[in-house]
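Residue numbers (the numbering used here): 137 to 316. Quick notes on the structure that follows.
Written out as C-alpha cells, the structure reads:
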C-alpha cells in the first residue's frame with residue numbers, strides 16, 4: 137500500500153529518486169523507517185519532545201508536507217496545530233494516511249483488565265498457620281552472660297590524649313608569610 141502510494145500508476149517511483157514519505161511525529165517516523173527498510177526517504181516534521189497538539193509547522197515544513205509523495209499522520213485530531221496544513225496537502229493531491237485508521241482501539245475495561253480479580257484462587261496463602269511457633273519469642277529475653285557489657289569502661293588508654301590538641305609540631309607554618 138505504501139509503496140504503491142509513493143509511485144506512479146504501476147507502483148514504481150516516478151523518478152530515480154526515493155519517494156518521500158513525510159510523517160508528523162518521530163514515532164511514526166521510526167515505524168515507517170523500520171517498515172520500509174530504506175526504500176523511501178522519511179521526513180519527520182515534529183522534533184522529539186514537541187507537543188503535537190499545538191505544534192506549528194515552519195514554512196519549509198509546510199512545503200515538505202504539501203510536496204510529499206505520502207503524508208502519514210496520527211489522525212484523530214492529534215496534530216491539532218497541523219490540521220489546516222494536512223487538509224491543504226490532501227487538497228493538493230498528496231496521499232494522506234491516518235495511522236489511527238488502521239489501529240483498533242480498545243475501550244477501557246476491555247481485554248481482561250476491566251474488573252479486578254479478588255485473587256480468591258490463592259488458597260493456602262491467607263492463614264499462615266504454620267508460623268504459630270514464632271509468636272512470642274520469649275526465648276530471647278534472658279541475654280545471660282552479658283551483664284555489665286554496656287558500660288564499656290574497658291577502653292583504657294583512649295581518654296589520655298592530653299597535649300595533642302595544640303599541634304605545635306608544624307614548624308614553618310605559623311607565620312603564613314605572603315598570605316594577605
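The C-beta atom is built at its ideal place from N, Cα and C for all residues, glycine as well. No experiment lies behind these values; they were computed from the predicted model shown.
Distance between beta carbons of residue j and residue i, contact taken as under 8 angstroms
| i | j | result |
| --- | --- | --- |
| residue 208 | residue 235 | 6 angstroms |
| residue 224 | residue 190 | Residue 224 to residue 190, Cβ: 18 angstroms. No contact. |
| residue 162 | residue 180 | 5 angstroms |
Pair within 9 angstroms by beta-carbon distance, residue i and residue j
| i | j | result |
| --- | --- | --- |
| residue 178 | residue 157 | yes |
| residue 227 | residue 206 | no |
| residue 169 | residue 188 | no |
| residue 237 | residue 211 | yes |
Residue of the options minimising C-alpha distance to residue i
| i | options | result |
| --- | --- | --- |
| residue 154 | 165, 193, 230, 172 | 172 |
| residue 219 | 239, 192, 229 | 192 |
| residue 213 | 198, 233, 200, 229 | 233 |
Local Cβ density within 10 Å of residue i, reported as buried at 16 or more and exposed below that
| i | result |
| --- | --- |
| residue 222 | buried |
| residue 215 | buried |
| residue 363 | The chain is shown from 137 up to 316; residue 363 falls before or after that span and cannot be answered. |
| residue 196 | exposed |
| residue 165 | buried |
| residue 312 | Confidence is the limiting factor: at residue 312 the pLDDT is only 49, short of 50, which leaves the residue's position unreliable and the question unanswerable from this model. |
| residue 176 | buried |
Near the ligand FMN: residue i beta-carbon under 8 angstroms from a heavy atom
| i | result |
| --- | --- |
| residue 175 | The model on display carries no ligand, and the ligand FMN is accordingly not part of it. |
Please go through the region 215–243 and give each complete beta strand (DSSP E) segment of 3 or more residues, from N-terminal end onward. 231–234
For the region 154–215, which segments carrying the beta strand (DSSP E) assignment without a break, of at least 3 residues, lie completely within its bounds, in sequence order? 156–159, 177–180, 206–209
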